[in-house]
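Q:
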Amino acid sequence: MEYGIKLEIFEGPMDLLIHLIQKSDLDIYDIPISKITSEYLAYLDMMNQLNLEIAGDFLVMASTLMRIKSKMLLPSQEEDEEELIDPRDEIVRRILEYKKFKEASKILHTNLENQKDVFYRKVTPEFKDEDFGIAVSLFDLLDAFKQVLSKAKISSKEIIKDEYTIEKKIRIILSLLEGKQFLSFVSIFSKDETKTSIVVTFMALLELIKIGRIYVRQDKHFGEIRIYRAQAQTVASSQINQGQ
Amino acid sequence: MELKKIIEALLFVSQGPLKIETIAQILGDKSIEEVKQAIQELIKEYAERQSAIQIIEIAGGVQFSTKRDYAQYIRKLYKDETILKLSASALETLAIVAYKQPITRAEIEQIRGVEVSAVLKTLVEKNLVRPCGKKETVGTPFLYGTTQQFLVYFGLKSTDELPSLEEINVEQEQ
Numbered sequence: 027m028e029y030g031i032k033l034e035i036f037e038g039p040m041d042l043l044i045h046l047i048q049k050s051d052l053d054i055y056d057i058p059i060s061k062i063t064s065e066y067l068a069y070l071d072m073m074n075q076l077n078l079e080i081a082g083d084f085l086v087m088a089s090t091l092m093r094i095k096s097k098m099l100l101p102s103q104e105e106d107e108e109e110l111i112d113p114r115d116e117i118v119r120r121i122l123e124y125k126k127f128k129e130a131s132k133i134l135h136t137n138l139e140n141q142k143d144v145f146y147r148k149v150t151p152e153f154k155d156e157d158f159g160i161a162v163s164l165f166d167l168l169d170a171f172k173q174v175l176s177k178a179k180i181s182s183k184e185i186i187k188d189e190y191t192i193e194k195k196i197r198i199i200l201s202l203l204e205g206k207q208f209l210s211f212v213s214i215f216s217k218d219e220t221k222t223s224i225v226v227t228f229m230a231l232l233e234l235i236k237i238g239r240i241y242v243r244q245d246k247h248f249g250e251i252r253i254y255r256a257q258a259q260t261v262a263s264s265q266i267n268q269g270q
Numbered sequence: 004m005e006l007k008k009i010i011e012a013l014l015f016v017s018q019g020p021l022k023i024e025t026i027a028q029i030l031g032d033k034s035i036e037e038v039k040q041a042i043q044e045l046i047k048e049y050a051e052r053q054s055a056i057q058i059i060e061i062a063g064g065v066q067f068s069t070k071r072d073y074a075q076y077i078r079k080l081y082k083d084e085t086i087l088k089l090s091a092s093a094l095e096t097l098a099i100v101a102y103k104q105p106i107t108r109a110e111i112e113q114i115r116g117v118e119v120s121a122v123l124k125t126l127v128e129k130n131l132v133r134p135c136g137k138k139e140t141v142g143t144p145f146l147y148g149t150t151q152q153f154l155v156y157f158g159l160k161s162t163d164e165l166p167s168l169e170e171i172n173v174e175q176e177q
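Same order as they appear, the protein sequences are chains V and E.
Count along the first sequence starting at 1, add 26, and that's the number in my numbering.
Count along the second sequence starting at 1, add 3, and that's the number in my numbering.
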């Protein structure tokens, strides 16, 4: 059973590779590739014997290692080239990069630990939930959209360039929502100067509703429509507010 | 009315980090510099008063928070569910997004060597990471970046505050 516990540590092939290198105290810039490959394969074999499912990722790495190994064995064909490329370079670069991110994640963890005792205040909105408890139908949205559109400046000749993309508008809406409880429907169009731009903003709004990032509510039918950000659960400060 | 006091009131009701630009915009006739200075004075005042509340600069803005010393009591009020828990693989993925943003799922997988869609979904659900565009390549995959919420939870003014990858040394430890 000891193996089982040990193996769980290796979330992926990179972790296993780093473990094998560290275990034998190998120089990362001069990895004995054939030794590492056989140890790596022995591990996969062990996982296999323990009936552990071997993720495809582990096999991809195995084939990468074997490819490097075979390249090392073959005499280089381009001997006239000034700089001979070590077949191991690519994997070394990847290991080092991955290790950096592992280290960075430890830094993040420390940050998180340092912040966990700091609490932020969040006000309860001045209106009660039931005030804006009515779900808005697509038709209500379309009506409101028609109104916005009718107020738009009429520009008879618009040259449509690719400047309005739904992605951009999604970002704009989300950034408008940041730090706010809600937005009024009309306010998300405040920066739109052309009809095209308004249409794209509206499409972005629909997309955000579809993917569940926001929801729309109104106080009464045909009333003001407000846009709320969908709350992320299990995250500290949003929970604080839910307490009361 | 005193500028400092107005800012104090705004901070009191604000639900997230309040940007200096937003404050200046509300005030209308005050420059960014004036607002910045008033905020600094306010921060100092709170520090001198030895209040349980502090004003901190975080996630590109300013916000009230409680001091660490009171955490044990606040936690009793709001139970233990207020703590954000992330697995090692979630933290690794988050670190990659934080440093390499905007980045696609495939690019993260290339670095980690494992499939990350489940982890990425968790991070999006926790509002630490969000899709922030699409890459102009085959299949136009989503690009991911960190959120303002991420900065708040990790106590950062911006992602620039993280040590650069070059600064992170991984070679000397065996």
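Beta carbons are placed, not taken as given, at the ideal position from N, Cα and C, and that holds for glycine.
Note that this is a predicted model, so its numbers are computed, not measured.
Just checking my contact of Thr96/E with Val127/E at CB under 8 Å: how many whole Å lie between their CB atoms?
A: Along the second sequence, read from residue 1 onward, the residue named residue 96/E stands at position 93. Along the second sequence, read from residue 1 onward, the residue named residue 127/E stands at position 124. That pair is no contact at about 11 Å.
Q: I believe Tyr73/E touches Ala55/E by the beta-carbon criterion, under 8 Å. Please report the beta-carbon distance rounded to the nearest angstrom.
A: One-based indexing of the second sequence puts residue 73/E at position 70. One-based indexing of the second sequence puts residue 55/E at position 52. Correct: roughly 6 Å between the Cβ atoms.
Q: For Leu13/E and chain V, any beta-carbon pair shorter than 8 Å?
A: Along the second sequence, one-based indexing puts residue 13/E at 10. Chain V, which has no Cβ nearer than 8 Å to the Cβ of Leu13/E, makes this no.
Q: Just the C-alpha distance for Gln75/E and Asp143/V, rounded to the nearest angstrom, thanks.
A: As a first step, residue 75/E is located in the second sequence; it is residue number 72 there, counting from the start. As a first step, residue 143/V is located in the first sequence; it is residue number 117 there, counting from the start. Approximately 8 Å, taken between the alpha carbons.
Q: In angstroms, rounded to a whole number, what distance separates the CA positions of Glu139/V and Leu89/E?
A: As a position in the first sequence, residue 139/V is number 113, starting the count at 1. As a position in the second sequence, residue 89/E is number 86, starting the count at 1. Distance between the alpha carbons of Glu139/V and Leu89/E is about 11 Å.
Q: Does the beta carbon of Thr69/E sit closer than 8 Å to a beta carbon anywhere in chain V?
A: Residue 69/E sits at position 66 when you count from the first residue of the second sequence. Judged by the 8 Å Cβ criterion, Thr69/E is in contact with chain V.
Q: Would you kindly report the start and end of the unbroken alpha helix (DSSP H) that includes Val86/V?
A: Taking the first residue of the first sequence as position 1, residue 86/V is located at position 60. Counting along the chain, the alpha helix (DSSP H) containing Val86/V begins and ends at Gly82 to Leu99.
Q: Taking buried to mean at least 16 other C-beta atoms within 10 Å of its own C-beta, is Asn74/V buried or exposed?
A: On the first sequence, position 48 is the one that residue 74/V refers to. Asn74/V is exposed by the Cβ-count criterion.
Q: Considering only their Cβ atoms, is the gap separating Ala230/V from Lys195/V smaller than 8 Å?
A: Numbered from 1 along the first sequence, position 169 holds the residue referred to as residue 195/V. Numbered from 1 along the first sequence, position 204 holds the residue referred to as residue 230/V. Yes, the Cβ-Cβ distance between Lys195/V and Ala230/V is below 8 Å.
Q: Comparing C-alpha positions only, which one of Leu42/V, Gly249/V, Ile199/V and Leu122/V sits nearest to Met72/V?
A: For the purposes of this step, residue 72/V is identified with residue 46 of the first sequence, where counting begins at 1. Checked all of Leu42/V, Gly249/V, Ile199/V and Leu122/V; the closest Cα to Met72/V is Leu42/V.
Q: As a quick exercise: from Ala81/V, Met87/V, Glu116/V and Thr90/V, pick the residue whose alpha carbon is nearest that of Ile54/V.
A: Residue mapping note: residue 54/V aligns to position 28 of the first sequence, counting from 1. Selected option, being the one with the closest Cα: Glu116/V.
Q: Hey, how far is the Cα of Glu193/V from the Cα of Ser34/E?
A: Within the first sequence, residue 193/V is the residue found at index 167, counting from 1. Within the second sequence, residue 34/E is the residue found at index 31, counting from 1. Rounded to the nearest angstrom, the two C-alpha atoms are 32 Å apart.
Q: Here's the rule I'm using: 16 or more other beta-carbon atoms within 10 Å means buried, otherwise exposed. How should Ser68/E be labelled?
A: As a first step, residue 68/E is located in the second sequence; it is residue number 65 there, counting from the start. Per the 10 Å Cβ criterion, buried.
Q: Would you kindly check if the distance between the Cβ of Ile235/V and the Cβ of Leu175/V is under 8 Å?
A: Here residue 175/V refers to the residue found at position 149 of the first sequence. Here residue 235/V refers to the residue found at position 209 of the first sequence. Not in contact: Leu175/V and Ile235/V (Cβ atoms no closer than 8 Å).
Q: Verify the CB distance criterion: does Lys125/V have a CB-CB separation below 8 Å to chain E?
A: Translated into the one-based positions of the first sequence, residue 125/V becomes position 99. At least one chain E Cβ lies under 8 Å of Lys125/V.
Q: Kindly indicate the opening and closing residues of the alpha helix (DSSP H) around Arg133/E.
A: Locating residue 133/E in the second sequence gives position 130, where the first residue counts as 1. Per DSSP, Arg133/E belongs to no alpha helix (DSSP H); it is in the beta strand (DSSP E), Val132 to Lys137.
Q: Taking the Cβ atom as the reference point for each residue, do Gln66/E and Leu14/E lie within a distance shorter than 8 Å?
A: Sequence index remark: in the second sequence, residue 66/E carries index 63 (1-based). Sequence index remark: in the second sequence, residue 14/E carries index 11 (1-based). Contact flag set, yes.
Q: Using a Cβ-Cβ distance under 8 Å, would Val144/V count as near chain E?
A: The sequence position of residue 144/V within the first sequence is 118, counting from 1. Yes, Val144/V lies at the interface with chain E (some Cβ there is under 8 Å from its Cβ).
Q: Is His135/V close to chain E, meaning its C-beta is less than 8 Å from at least one C-beta of that chain?
A: Here residue 135/V refers to the residue found at position 109 of the first sequence. Interface residue, yes.
Q: Please report the residue range of the alpha helix (DSSP H) in which Ser223/V lies.
A: Walking along the first sequence from the start, residue 223/V turns up at place 197. Residues Lys221 to Lys236.
Q: Could you list which residues in chain V have their beta carbon closer than 9 Å to that of Gly136/E, in chain order?
A: For the purposes of this step, residue 136/E is identified with residue 133 of the second sequence, where counting begins at 1. Those within 9 Å of Gly136/E in chain V are Thr191, Glu193, Lys194, Ile196 and Arg197.
Q: Does Phe153/V come out as helix, strand or coil in the three-state DSSP assignment?
A: If you number the first sequence from 1, residue 153/V lands on position 127. No answer about Phe153/V holds up, because its pLDDT of 40 lies below 50 and its placement is not dependable.
Q: Taking Cβ-Cβ distances shorter than 8 Å, what residues in chain C pair up with Met87/V?
A: The chain labelled as chain C is not found among the protein chains of the depicted structure, namely V and E.
Q: Beta-carbon within less than 6 Å of Phe153/E's beta-carbon, same chain only, minus the 5 sequence neighbours each way: which residues are those?
A: Translated into positions along the second sequence, residue 153/E becomes position 150. Here the set comprises Leu131.
Q: If we ignore side chains and look at the alpha-carbon of each, how far apart do Leu80/E and Phe208/V end up?
A: Here residue 80/E refers to the residue found at position 77 when the second sequence is read from its first residue. Here residue 208/V refers to the residue found at position 182 when the first sequence is read from its first residue. Those two C-alpha atoms are separated by around 26 Å.
Q: Smallest Cα separation from Ser161/E: which of Lys22/E, Glu118/E and Ala50/E?
A: As a first step, residue 161/E must be located in the second sequence, where it is residue number 158. Ser161/E has its Cα closest to that of Lys22/E, out of Lys22/E, Glu118/E and Ala50/E.
Q: Just reading off the alpha helix (DSSP H) that Ser131/V is part of, what are its end residues?
A: The sequence position of residue 131/V within the first sequence is 105, counting from 1. Taken as a continuous stretch (DSSP letters only), the alpha helix (DSSP H) holding Ser131/V covers Asp115 to Gln141.
Q: Helix, strand or coil for Ile111/V? Go by DSSP, reduced to three states.
A: For the purposes of this step, residue 111/V is taken as the residue at position 85 of the first sequence. The answer is coil: DSSP assigns Ile111/V none of H, G, I, E or B.
Q: Under 8 Å between C-beta atoms, does Ala130/V make it to chain E?
A: Indexing the first sequence from 1 puts residue 130/V at position 104. Closer than 8 Å to some Cβ of chain E, the Cβ of Ala130/V qualifies, so yes.
Q: If you draw a straight line from the C-alpha of Tyr1/E to the C-alpha of Leu232/V, how long is it?
A: Not covered by the structure: residue 1/E. The range shown for chain E is 4 to 177.
Q: Let's see if you can read the secondary structure: which residues bound the alpha helix (DSSP H) around Thr149/E?
A: Start at 1 with the first residue of the second sequence, and residue 149/E comes out as number 146. No alpha helix (DSSP H) contains Thr149/E, which is instead part of the beta strand (DSSP E) from Phe145 to Thr149.
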